[in-house]
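> First the structure, then my questions, so here it is.
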Amino acid sequence: MVDRRGKSAFKSDNTVGYRYLRPRPRHRKADPAQVEAFKQAWPERLDKIAAEHPGKRLRVYFQDESRFGQQGTNTNVWAEKGSRPTAVRQTEYEYLWVIGAVCPECLLELGGARRRAPQPAVEHADRQLILGAVRKTIPEGKHAVMIWDGAGFHTAGALRVPENVTLVKLPPYSPELNPIENLWRYLKSHFSSNRAYADYDALEAAAMAAWRVAVLDQDLVRSVCAAPYLDRATSNRKRTTPGRH
-4 MVDRRGKSAF
6 KSDNTVGYRY
16 LRPRPRHRKA
26 DPAQVEAFKQ
36 AWPERLDKIA
46 AEHPGKRLRV
56 YFQDESRFGQ
66 QGTNTNVWAE
76 KGSRPTAVRQ
86 TEYEYLWVIG
96 AVCPECLLEL
106 GGARRRAPQP
116 AVEHADRQLI
126 LGAVRKTIPE
136 GKHAVMIWDG
146 AGFHTAGALR
156 VPENVTLVKL
166 PPYSPELNPI
176 ENLWRYLKSH
186 FSSNRAYADY
196 DALEAAAMAA
206 WRVAVLDQDL
216 VRSVCAAPYL
226 DRATSNRKRT
236 TPGRH
């Protein structure tokens, strides 16, 4: 709308029910119908997994990897009114990939870093290590349901899936369904922005330190990795409530 003085004017969200929000990026090949179908099928999927493992309580894990590099981001800072603060922005090209898995309810975290891009053979080895680590941490009477995406390099080779783990692959191009994506964004905005790193070793040390600080805060992980569609599906399923001890 335009007021009588010709200036732009917007009603507040209290009067029209809207807020000024930045859209979340979406891949052009993403299929909204597949995303919605995955959400709707989640309760039945949990029931099926529970039926296949009678007497077991299910724990839901989120697994993924993300790139951390010298070309980080600049984020807002507190500064005096009227000032124009500056922050470092590197132009070097060193980077690494952090691979991790979290269970927000039981506060299990597994993480590691490696150089360069996720080559199929390296990615396969990393995934196998994560699966092996999860297998060792699942107590008797529990069964892990691990959500990860279906990118080609994630599925290269035949993974040896432990008997106490069930893998759930997300629809293509739908990272918004994996709550650990929110954790990556949190780490980058709170620990990696407005900073400079001398080399790979400095990057790795900073990435692992940030990972450990964040994931040891259970309230933070539960908040950042919240997934309403998962919560709704599990709220009335006692045997499949994620992460209950």
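In our numbering, the protein residues as written are -4 to 240. Where is the CB? At the ideal position from N, CA and C, for every residue including glycine.
1. What number of angstroms, rounded off, separates the C-alpha of D144 from the C-alpha of K164?
2. Apart from the five residues on each side of it in sequence, which residues of its chain come closer than 7 angstroms, Cβ to Cβ, to W179?
3. So, helix, strand or coil for R268, using DSSP?
4. With distances taken Cα to Cα, identify the nearest neighbour of S184 among K24, V219, E100.
5. Roughly how many angstroms lie between the CA atoms of Q85 and A46, to the nearest whole one?
6. Nearest CA to the CA of T132: which residue from A120, V97, A153?
7. Does the Cβ-Cβ distance between L225 and V55 come in under 8 angstroms?
8. Locate the beta strand (DSSP E) running through E60, then write down its first and last residues.
9. Can you tell me whether T161 is helix, strand or coil according to DSSP?
10. Pull up the distance between the alpha-carbon of H138 and that of A25, whole angstroms please.
11. Helix, strand or coil for W73? Go by DSSP, reduced to three states.
12. Considering only the beta carbon of each residue, do G64 and E89 sit closer than 8 angstroms?
13. Considering only the alpha carbon of each residue, which of D121, N177, Y15 lies closest to R155?
14. Beta-carbon within less than 8 angstroms of A205's beta-carbon, same chain only, minus the 5 sequence neighbours each way: which residues are those?
With the given structure in hand:
1. 5 angstroms
2. S61
3. Here the chain has residues from -4 to 240 only, and residue 268 is not among them.
4. V219
5. 52 angstroms
6. V97
7. yes
8. 52 to 64
9. strand
10. 30 angstroms
11. coil
12. yes
13. D121
14. L182, H185, F186, S187
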